[in-house]
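**Q** Residue 408 is where the sequence shown starts when you use this note's numbering, and the numbers rise one by one after that.
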Amino acid sequence: MSFEHKPMDAALMARARLAYELGRLRAALLRAALLAAAAAAVGSWLVDTRAWLWAPFTFVVWTLLGWRGGALLTGATYGLAAGAVTCLLPLSLLRPCCRAGMVDMAATCTMPGMCVMAGALVAVPLAALVMRRCGTRPREAAAGMALGVLSIATVKCSALFLGEALGLLGGVALGIAATAVLDYVPRLRAR
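(1) Using C-beta distances below 8 Å, list every residue in its chain close to LEU480, excluding the 5 sequence neighbours before and after it, in chain order.
(2) Say whether chain D places a C-beta atom closer than 9 Å to the C-beta of GLY526.
(3) Report buried or exposed for VAL588, applying the criterion of at least 16 other Cβ atoms within 10 angstroms of its Cβ.
(4) Give every residue of the same chain whose Cβ lies closer than 7 Å to the Cβ of TRP459, excluding the five residues on either side of it in the sequence, and list them in chain order.
(5) Mapping DSSP to helix, strand and coil, what is ARG424?
(6) To the nearest angstrom, how far is it from the Cα of ILE583 to the Cα of ALA417?
(7) How many angstroms separate the CA atom of LEU576 from the CA atom of GLY477?
(8) Please report the straight-line C-alpha distance between VAL484 and LEU425, rounded to a whole angstrom.
(9) Could you tell me if TYR427 is buried or exposed, where buried requires 16 or more neighbouring beta carbons within 10 angstroms of its beta carbon?
(10) If you follow the alpha helix (DSSP H) that GLY490 is in, where does it begin and where does it stop?
(11) Assign PRO463 to one of two classes, buried (16 or more other C-beta atoms within 10 Å of its C-beta) or exposed (fewer than that).
(12) Could you check whether VAL467 and THR493 sit closer than 9 Å to each other, using their CB atoms as the reference points?
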């Protein structure tokens, strides 16, 4: 009895690939909708009701991450944890000029430098972990981590002034960049 290997029909391969991609997209859409709704609900409860304004951003980011998968999604999952940490940071840490009892200053005080520092402190150890765990594709994992952090940290940013929000997001980006450089230098020396 002989089994011959027949080449698959190109149309059949195209239909199979389309079904596969649509299935991945459908699963990604469901997970992204649940995550965006949960992040906005928790953000509204912990931070500010304007957190719902960021739900579409979170939805789009996680749809793309879930559909793409791989190291990008792995890094984003770690980034989700870092984003949750930034959401739990008290506003008094990000705005030390606004102490309790200074309610009238809360509308005017802003400290983007503290937000940069907080974002970097959260991102550096996490980026190091992600780059070690995703050894074959560390840059893709780091990009996924950045997207994961940004998609959730925006909830916290809804209660901050624009400069503080950009500072928090910039600090995360600086932390990831610094870790990438520190991870790349030993590899460069090893060559």
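Built from N, CA and C at the ideal position, the CB exists for glycine as well.
Since we're looking at a predicted model, the values are computed, not measured.
**A** Looking at the atomic coordinates:
(1) LEU472, GLY473 and GLY551
(2) In the structure shown, chain D cannot be found, because there is only a single protein chain.
(3) exposed
(4) ALA447 and SER451
(5) helix
(6) 43 Å
(7) 24 Å
(8) Checking the sequence, you will find Thr at residue 484 rather than Val. Cα to Cα, the separation comes out at about 26 Å.
(9) exposed
(10) 477 to 495
(11) exposed
(12) no
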